[in-house]
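Report on one structure; see the data block that follows.
Numbering (mature numbering (1 follows the signal peptide of the UniProt record, and there is no 0)), first residue to last: -19 to -1, 1 to 603.
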């Protein structure tokens, strides 16, 4: 239940909307084996629902809320599956040394077992795509290449430095891994090991920001024939793919690691090879906010569009001839299958209960700062409307033209839709620091927190007010977006009427002083000191409290927030009280950094919908 701390502002009594009004169901792959896919629908109700789908028969059956298991013999055991889900390495620890067993599954998920002649402790095990080899990543800092057929360890390779994003090649002849840059090294490391020739190739890239590539789901891949090696990099100012011809690597031709595949400056997100040998990838080639699936044909080296409105998370999964990915066109995100043999795309026929749709928005370009604009039903250009400017967290995240790729943001999309229905104009805005616009756009916040980000918000609002009948203006956001909403209000009080902060930072000096390992210190050139005090002062809300007088401020926090200490919100509220400044402080029980309880989201919406003059009796969900 929410707890309210009120000063000066008097809240009106409110009544909750229907329980499901703010529940947004998302779909994801829970398990798959052969053509069978177990789909989990989550985010609507306390329990997930499951459906068992057959991609060959194109059928789905509801399986209720009980957690299914396509591999019943592996329940509550530690195991690693092959890509095609026909094999698994199972780890049992019944004695002083682990026991490794390879399970070979039939169509029912039951199979034969072979004990491996291997006993070293491992962090993980990875099958080659042809299932002939296993790559064991040992806790002792080695890769061990193991032959499944011969039941013998063929070779060990030392791991040099960091070892994330490990990729084992389809036939087990190569392994690639990544070492993220740190504040001290300021460089990332790519390593490619030619296991057959016993040759290691290493290359480094400078990076003086936090390593944005480390937030991706995948960095490497190999072509099915092992002739090409792909890696993700932003060395040219945009995150894109580079290809290496492995058969020429290190020879007299001078072949080096990585030639850029696409000359245009769009962002490549996830990528994988299909059963047809083509490379499929998700990118924002049309505009920064439109993510689409594309196909790259190695034969003619041309890129072809497949479908728009793809979500860039979770990463697509290859299942037989299909590539399964999440997509949303204003409706709730649903799994779709791309048939690589026919190049057709269709939603999986998963049974659903009800739906939640968003109104169509318009993509706006404010001098390179993109946003999505929504207007109320029955919009009349002769009337005046309040404006909500939604600011995402991160800051290395992005807004969306439909429901967001992350369910944690999708619930806020539902809140914004209810506000739109209640008579608000809504602008979801990307500001400097956001994802999908190139490296410079993402890293411009370094040394500019409270400066360039505030300017972007103010410039967008100023531009809108020249063309639309806008009255009161409220920046609103979660996490970093919550901070930015407050800082924009404090920096441009003549432009904004109030602000809504959800689990936002209120004082960077205190946050980073108390958590010196915080990644956000990169923006201020380190932890607080006399040397960088100017940068912290530039970002400060507390130094500008007088600008918050007579403003409508809503501070929201989750009592169990494990990312931004709730004390951050309490500190600002107390400081406002001391200055006699009106504010509403709402603390939600049993909520972490992301609000998930539908009742709390309804309450949040009702806190906001009543803020503008003349809207005091409005309610969300009605």
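Glycine residues also receive a C-beta, built at the ideal position from the N, C-alpha and C atoms.
This one's a predicted model, so the numbers in the text were calculated from it and none came from an experiment.
DSSP lists 108 and 127 as the beta-bridge partner residues of residue 115.
In the DSSP assignment, residue 210 falls outside any alpha helix (DSSP H) and within the unbroken beta strand (DSSP E) covering 209 to 214. A straight line joining the alpha-carbon of residue 457 with that of residue 478 spans about 11 Å.
Between residue 199 and residue 600, the alpha-carbon positions lie close to 43 Å from each other. Shown here, residue 196 sits in a helix according to DSSP, grouped into three states. Remark: fewer than three beta-carbon pairs, one from each stretch, lie closer than 8 Å, so the stretch 326 to 343 and the stretch 416 to 436 are not flagged as touching. Looking from the CA of residue 205, the closest CA among 163, 257 and 159 belongs to 257. Residue 494 and residue 466 have their alpha carbons spaced roughly 22 Å apart. One thing to note: residue 32 has its Cβ within 8 Å of the Cβ of residue 332. Judged by DSSP secondary structure, residue 559 falls within the alpha helix (DSSP H) whose first and last residues are 548 to 559. DSSP assignment within the stretch 286 to 357 yields the following whole beta strand (DSSP E) runs of 3 residues or more, N-terminal first: 298 to 300, 303 to 308, 315 to 320, 325 to 328, 343 to 347 and 350 to 355.
In this structure, residue 315 keeps its C-beta atom at 8 Å or more from the C-beta atom of residue 324. Residue pairing by DSSP places residue 145 opposite 159 in a beta bridge. A direct Cα-Cα distance of roughly 15 Å separates residue 358 from residue 451. For residue 12, the enclosing beta strand (DSSP E) has its first and last residue at 7 to 14. In this structure, the beta-carbon distance from residue 534 to residue 475 does not fall below 8 Å. Taking the Cβ atoms as the reference, residue 543 lies roughly 6 Å from residue 573, within the contact range of under 8 Å.
Just so you know, the alpha carbons of residue 602 and residue 209 end up roughly 53 Å apart. For residue 462, same chain residues with a beta-carbon under 6 Å away, outside a window of 5 residues either side, are 372, 373 and 374 in chain order.
Short of 8 Å from the beta carbon of residue 502, and not among the five residues preceding or following it, lie these beta carbons of its own chain, in chain order: 164, 493 and 508. Bridge pairing for residue 41: 34 [DSSP].
Around the Cβ of residue 21, a 10 Å sphere holds 16 or more other Cβ atoms; the residue is buried. In this structure, the CA atom of residue 498 is about 43 Å from the CA atom of residue 45. For residue 400, the secondary structure class from DSSP, reduced to helix, strand or coil, is helix.
Taking 8 Å as the upper bound for CB-CB distance, residue 585 and residue 454 are not in contact here, some 19 Å apart.
In this structure, the straight-line span from the alpha carbon of residue 250 to that of residue 221 is close to 8 Å. The beta carbons of residue 485 and residue 521 sit no closer together than 8 Å. Residue pairing for residue 455: DSSP places it in a beta bridge opposite 369.
Cα atoms of residue 293 and residue 262: separation of roughly 10 Å, rounded to the nearest angstrom. Take the alpha-carbon of residue 74 and the one of residue 141: they are about 28 Å apart. Pairing residue 313 with residue 5 gives a Cβ-Cβ distance under 8 Å. When C-alpha distances from residue 226 are compared across 52, 202, 218 and 170, the shortest belongs to 202.
Annotated three-state conformation of residue 479 is strand, per DSSP. With 16 or more neighbouring CB atoms inside 10 Å of its own CB, residue 553 falls in the buried class. One alpha carbon belongs to residue 192, the other to residue 169, and they sit about 8 Å apart.
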